Amino acid sequence: MQKTCNRHARKINVNYIIGEAESRRGDEMEKIKCWMCGKEIDMPYTAKELEVLKDPFSTDDEIFYILDKREMSAKRVYCPECNETHKEHYEMTVKEYCKLRNEIMFERALKIFEKQDLNIYDYRDASIAVKQYMQDSYEPCNGTEYVAFDSADEVATAIVFVANEIKIKVHAKIAKHEVDFVIPSMKVVLEIDGELFHKGKEKKESRRDSEIRQLLGKEWEIIRVPTKYIHRNIELLPENVRSLKEERQKVRKVTGGYIPDTYSRYKS
Ligand SMILES: [Zn+2]
Numbered sequence: 016m017q018k019t020c021n022r023h024a025r026k027i028n029v030n031y032i033i034g035e036a037e038s039r040r041g042d043e044m045e046k047i048k049c050w051m052c053g054k055e056i057d058m059p060y061t062a063k064e065l066e067v068l069k070d071p072f073s074t075d076d077e078i079f080y081i082l083d084k085r086e087m088s089a090k091r092v093y094c095p096e097c098n099e100t101h102k103e104h105y106e107m108t109v110k111e112y113c114k115l116r117n118e119i120m121f122e123r124a125l126k127i128f129e130k131q132d133l134n135i136y137d138y139r140d141a142s143i144a145v146k147q148y149m150q151d152s153y154e155p156c157n158g159t160e161y162v163a164f165d166s167a168d169e170v171a172t173a174i175v176f177v178a179n180e181i182k183i184k185v186h187a188k189i190a191k192h193e194v195d196f197v198i199p200s201m202k203v204v205l206e207i208d209g210e211l212f213h214k215g216k217e218k219k220e221s222r223r224d225s226e227i228r229q230l231l232g233k234e235w236e237i238i239r240v241p242t243k244y245i246h247r248n249i250e251l252l253p254e255n256v257r258s259l260k261e262e263r264q265k266v267r268k269v270t271g272g273y274i275p276d277t278y279s280r281y282k283s
């Protein structure tokens, strides 16, 4: 089929083409097995396919591509009954998955404390409070169910700040940016970084950081803590974040607001 076709001819032909496409419903090729029960059902047109079929500016190639493609299905197709069953089952699975994910994250967070030379009982009340928070206030996970934290490192961080009676906001949104923690009393945005931290990403993130600082104010700092420090000495985390923040503010006073790259990382 020629791609260069007369647009007026196309307009006349489009109804015929849709008609032909629709008349082909009921053909052997237009039937498909329900993925779950195997019953033969009509293969539905997707909204996107209908859009192309009805668009007078669609080329012949585009239209016949859709018609040809209907001889196969890239996606599983369900009959209405099985569609409902599958949806319900999947939602239940996600819910259960998120619940278990929360429990495992919490357990791993406490193990982070247990591996260090500290009295875990100092963190008992805080961990109960954080666990309660995890059960009460959630963030969307896979679109349908919820988890409050992304990692055990974040849970452990929350516990140590709560234990020190320092108020935190978890996964706060600052304009379009989501940050791990906001610590209002310190005027700190705290980000927990994994081991992977590429040079390119670092540059990109510092632009994001300066955007966040512009919104919150000059007295705020974004502090990034690599997870290895959480695993090494979590007890010192609030104190280290505070002193790192002060250090950065001092540097800014000397440089007129500029932070050299060497100061962008957590040091202990
Ligand atoms: Zn079915």
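Sequential numbering of the sequence shown, starting at 16, is according to my numbering.
C-beta: ideal position from N, C-alpha, C; glycine also.
This structure is a prediction, so every number in the text was calculated from the model and none was measured.
For K46, there is no enclosing alpha helix (DSSP H); the enclosing beta strand (DSSP E) covers residues 46-48. When DSSP reads this structure, R85 sits in no beta bridge, so it has no partner.
In the structure shown, the three-state DSSP call for I183 is coil. Placement of the Cβ of Y93 at a distance of less than 7 angstroms from at least one heavy atom of ligand 1 is found. In the structure shown, K202 falls within a coil segment according to DSSP collapsed to helix, strand and coil.
Approximately 5 angstroms separates the beta-carbon atoms of F128 and I135; this is inside 8 angstroms, confirming the contact. Cβ atoms of V185 and A171 stay farther apart than 8 angstroms, at about 13 angstroms.
In this structure, the C-beta of E193 stays at least 7 angstroms away from each heavy atom of ligand 1. Along the length of the segment 92-149, whole alpha helix (DSSP H) runs at least 4 residues long occupy 95-129, reported in chain order. The closest heavy atom of ligand 1 lies less than 7 angstroms from the beta carbon of M51. Take D137, set aside five residues on each side of it, and the residues of its chain with a beta-carbon closer than 7 angstroms to its own are A178, in chain order. Going by C-alpha positions, S142 is about 10 angstroms away from F176. Shortest Cα-Cα distance from I238 to any of K265, I207, L231 involves I207. Here L252 is buried: its Cβ has 16 or more other Cβ atoms, across all protein chains shown, within 10 Å.
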